[in-house]
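Each remark here refers to the structure printed beneath this line.
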């Protein structure tokens, strides 16, 4: 018998009580201080969290990418050890925030009430909110803009196991999380090694001339309106498809695609310009691809610049620094305007030198890719195992039995 089983048998053999979310937590919405007031953002020291923070830094947050000046704060800050839950736009995500903070309006703060602070381990609640994430996906308002039905949200049930049971579950899940983090850190180290090698190769001296991108390429952006999707036709891509521009499962009609004035050609380069700025993909196939305003389409002059070289230089530190100068970092989401992209300056060696650099970098990237094939698969398998184990443990804490695949809390909420 495991320690957890012993604790449950000793402390709660007949199950545990439940309380609704609204009974346990004070809920408050995040907000965005006005961008019209520069003083709200200049020299900011107060963490202001967005979805980008979770994507970059994980689900336990102690600092933010963007910060707010105290002048932009309405009333008081949200307390440390609050949980933020995405209740609009990207739903099914949460994080534990360990510092006093603010967030944008996409998040709802869960602030533990004083009368429950001696009944809960905050890390247990954090882990249990993975069940809340799934529940939220089944409680959406029927509208064009994705949002959670807050009446149902507030009725979500949390179990209250004895504190020793909560602590043991947290210990087990923390250990599992640490193992996955070690694999992820190894993968990150390999990527950093590749980026260092790439940047070292592309770090020219002053003898190499620099040109504005707009002098050697034409730059376009995609449609500014969300299209009418169809079950087939021309694939429609946006920022989320940049790692594989041929993988989109969204389509627009062939008739709508014919309205596009600029259609991608082989050798064009897509670059993300909203949300994530500066990630690139080269068009290698002559296929119909419709693209959203979040992507810029760069059409290089083939007699002056190689498409592959252009991708490498934009994604290097040189390109990142140039893009950052012209990126609207306080916009929501962060973006660079199309006309500003053409103003970035890049070193332009001869085509022969460009092609030799591309050959070396392609070979090194291929080696890194081969090394990384097994590791991401292992991380994915470990993550799936962890998620099942986590759900099983949390259900065990409620009932004293291991969950089956079909046993879900949402069944008990209705």
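Residue numbers (my numbering): 575 to 988. Where is the CB? At the ideal position from N, CA and C, for every residue including glycine. None of the values given here were measured: they were computed from a predicted structure.
Inset, instruction - Look at residue 667 and residue 707 and say whether their C-beta atoms are less than 8 Å apart. - result: Position 93 of the chain shown holds residue 667. Position 133 of the chain shown holds residue 707. Yes, Cβ-Cβ distance for residue 667 and residue 707 is below 8 Å.
Inset, instruction - Label residue 586 either buried or exposed according to how many other C-beta atoms from any shown protein chain fall within 10 Å of its C-beta, with 16 as the threshold for buried. - result: Stepping through the chain shown from its first residue, residue 586 is reached at position 12. Classification for residue 586: buried.
Inset, instruction - May I have the straight-line CA-CA distance separating residue 620 from residue 654, to the nearest angstrom? - result: Here residue 620 refers to the residue found at position 46 when the chain shown is read from its first residue. Here residue 654 refers to the residue found at position 80 when the chain shown is read from its first residue. The alpha-carbon atoms of residue 620 and residue 654 are separated by roughly 12 Å.
Legend entry - Any non-hydrogen atom of the ligand COA closer than 7 Å to residue 631 Cβ: Of ligands this structure carries none, so the ligand COA is not represented either.
Inset, instruction - Count the C-beta pairs between the segment 865 to 875 and the segment 931 to 942 that are closer than 8 Å, then say yes if the count reaches three, no if not. - result: no
Inset, instruction - Give, in chain order, every unbroken run of the beta strand (DSSP E) that is at least 3 residues long and sits entirely within the segment 843 to 890. - result: 843 to 846, 854 to 856 and 869 to 874
Inset, instruction - Report the three-state DSSP secondary structure of residue 923 (helix, strand or coil). - result: Here residue 923 is taken as the residue at index 349 of the chain shown, counted from 1. Three-state result, residue 923: coil.
Inset, instruction - In angstroms with no decimal places, state the Cα-to-Cα distance between residue 859 and residue 839. - result: The count along the chain shown starts at 1 and reaches residue 859 at position 285. The count along the chain shown starts at 1 and reaches residue 839 at position 265. Going from the Cα of residue 859 to the Cα of residue 839 covers about 8 Å.
Legend entry - Anticipated Cβ contact below 8 Å, residue 797 with residue 851, distance rounded: Sequence index remark: in the chain shown, residue 797 carries index 223 (1-based). Sequence index remark: in the chain shown, residue 851 carries index 277 (1-based). The Cβ separation is near 19 Å, so there is no contact.
Inset, instruction - Give every residue of the same chain whose Cβ lies closer than 6 Å to the Cβ of residue 974, excluding the five residues on either side of it in the sequence, and list them in chain order. - result: Here the question's residue 974 lines up with position 400 in the chain shown. Model confidence at residue 974 stands at a pLDDT of 48, short of 50, so the residue's coordinates are unreliable; what they give is reported in the following sentence. For residue 974, where only same-chain residues beyond five positions count, the Cβ hits under 6 Å are 582.
Legend entry - Whole-Å CB distance - residue 768 paired with residue 938, under 8 Å assumed: For this step, residue 768 is matched to residue 194 along the chain shown. For this step, residue 938 is matched to residue 364 along the chain shown. Yes, they are in contact, since the Cβ atoms of residue 768 and residue 938 sit about 7 Å apart, within 8 Å.
Legend entry - Coarse secondary structure for residue 733, derived from DSSP in three states: Sequence index remark: in the chain shown, residue 733 carries index 159 (1-based). Correct three-state label for residue 733: strand.
Inset, instruction - Give the single residue among 674, 889, 681 and 652 whose Cα lies nearest to the Cα of residue 664. - result: Taking the first residue of the chain shown as position 1, residue 664 is located at position 90. For residue 664, the nearest C-alpha among the options comes from 681.
Legend entry - Residues near residue 880 by beta carbon distance below 7 Å, same chain, minus five either side: One-based indexing of the chain shown puts residue 880 at position 306. 925, 928, 929 and 932.
Legend entry - Element boundaries [beta strand (DSSP E), containing residue 603]: Taking the first residue of the chain shown as 1, we reach residue 603 at position 29. Run containing residue 603: 599 to 603, per the beta strand (DSSP E) assignment.
Legend entry - Any 3 or more C-beta pairs closer than 8 Å across the segment 778 to 792 and the segment 910 to 924: yes
Legend entry - Contacting residues, own chain, Cβ-Cβ under 6 Å from residue 558 (five flanking each side not counted): Lying outside 575 to 988, the shown extent of the chain, residue 558 is not represented and no answer is given.
Legend entry - At least 3 beta-carbon pairs within less than 8 Å: the segment 954 to 970 vs the segment 898 to 918: no
Legend entry - Uninterrupted alpha helix (DSSP H) stretches inside the segment 721 to 781 (no shorter than 4 residues): 724 to 728 and 737 to 776
Inset, instruction - State the Cα-Cα distance for the pair residue 821 and residue 698, rounded to the nearest angstrom. - result: Taking the first residue of the chain shown as position 1, residue 821 is located at position 247. Taking the first residue of the chain shown as position 1, residue 698 is located at position 124. Rounded to whole angstroms, residue 821 to residue 698 spans 37 Å at the Cα level.
Legend entry - Extent of the continuous beta strand (DSSP E) run through residue 630: Here the question's residue 630 lines up with position 56 in the chain shown. Careful: residue 630 lies outside any beta strand (DSSP E), inside the alpha helix (DSSP H) at 625 to 631.
Legend entry - CB of residue 716 within 8 Å of CB of residue 722, strictly: Within the chain shown, numbered from 1, the residue matching residue 716 stands at position 142. Within the chain shown, numbered from 1, the residue matching residue 722 stands at position 148. No, they are not a contact pair.
Legend entry - Beta bridge counterpart(s) of residue 681 as assigned by DSSP: For the purposes of this step, residue 681 is identified with residue 107 of the chain shown, where counting begins at 1. DSSP lists 660 as partners of residue 681.
Legend entry - Reduced DSSP category for residue 839 - H, G, I as helix; E, B as strand; rest coil: Along the chain shown, one-based indexing puts residue 839 at 265. Looking at residue 839 - three-state DSSP - the assignment turns out to be coil, as it is neither helix nor strand.
Legend entry - Alpha-carbon spacing of residue 624 relative to residue 905, whole angstroms: Residue mapping note: residue 624 aligns to position 50 of the chain shown, counting from 1. Residue mapping note: residue 905 aligns to position 331 of the chain shown, counting from 1. Computed Cα separation, rounded: 12 Å.
Legend entry - Option nearest residue 833 by Cα separation, candidates 710, 590, 608 and 799: In the chain shown, the residue the question calls residue 833 occupies position 259. Among 710, 590, 608 and 799, the Cα nearest to that of residue 833 is on 799.
Legend entry - Whole-angstrom distance between residue 607 and residue 647, CA atom to CA atom: Taking the first residue of the chain shown as position 1, residue 647 is located at position 73. Taking the first residue of the chain shown as position 1, residue 607 is located at position 33. If I take the Cα positions, the gap works out to 7 Å.
Legend entry - Of the listed residues 600, 725 and 650, nearest to residue 691 (C-alpha basis): Counting from one through the chain shown, the residue named residue 691 turns up at place 117. Ranking 600, 725 and 650 by Cα distance to residue 691 puts 600 first.
Inset, instruction - Measure the CB-CB distance between residue 657 and residue 676 and report whether it falls below 8 Å. - result: For the purposes of this step, residue 657 is taken as the residue at position 83 of the chain shown. For the purposes of this step, residue 676 is taken as the residue at position 102 of the chain shown. It is not a contact, given that the beta carbons lie outside the stated cut-off.
Legend entry - Own chain partners of residue 824 with C-beta closer than 6 Å, once the 5 adjacent residues on each side are dropped: Here residue 824 refers to the residue found at position 250 when the chain shown is read from its first residue. Answer for residue 824: 803 and 810, listed in chain order.
Inset, instruction - Answer yes or no: do residue 742 and residue 578 have a C-beta to C-beta separation smaller than 8 Å? - result: The residue you call residue 742 lines up with position 168 of the chain shown. The residue you call residue 578 lines up with position 4 of the chain shown. Yes, they are a contact pair.
Inset, instruction - Can you tell me which of 826, 643, 815 and 651 puts its alpha carbon nearest to the alpha carbon of residue 846? - result: Working through the chain shown from its first residue, we reach residue 846 at position 272. Closest by alpha carbon: 815.
Inset, instruction - Report all residues from its chain with a CB closer than 7 Å to the CB of residue 813; omit the five preceding and five following residues, and keep chain order. - result: Translated into positions along the chain shown, residue 813 becomes position 239. Contacts found: 846, 848, 849, 850, 868 and 869.
Inset, instruction - Tell me whether the beta-carbon of residue 591 lies closer than 8 Å to the beta-carbon of residue 734. - result: Indexing the chain shown from 1 puts residue 591 at position 17. Indexing the chain shown from 1 puts residue 734 at position 160. Yes, Cβ-Cβ distance for residue 591 and residue 734 is below 8 Å.
Legend entry - Selection from 640, 778 and 674 that minimises the alpha carbon distance to residue 649: By one-based count along the chain shown, residue 649 stands at place 75. Cα-wise, what sits closest to residue 649 is 674.
Inset, instruction - Give the straight-line distance between the Cα atoms of residue 757 and residue 764, rounded to the nearest whole angstrom. - result: One-based indexing of the chain shown puts residue 757 at position 183. One-based indexing of the chain shown puts residue 764 at position 190. Distance between the alpha carbons of residue 757 and residue 764: 11 Å.
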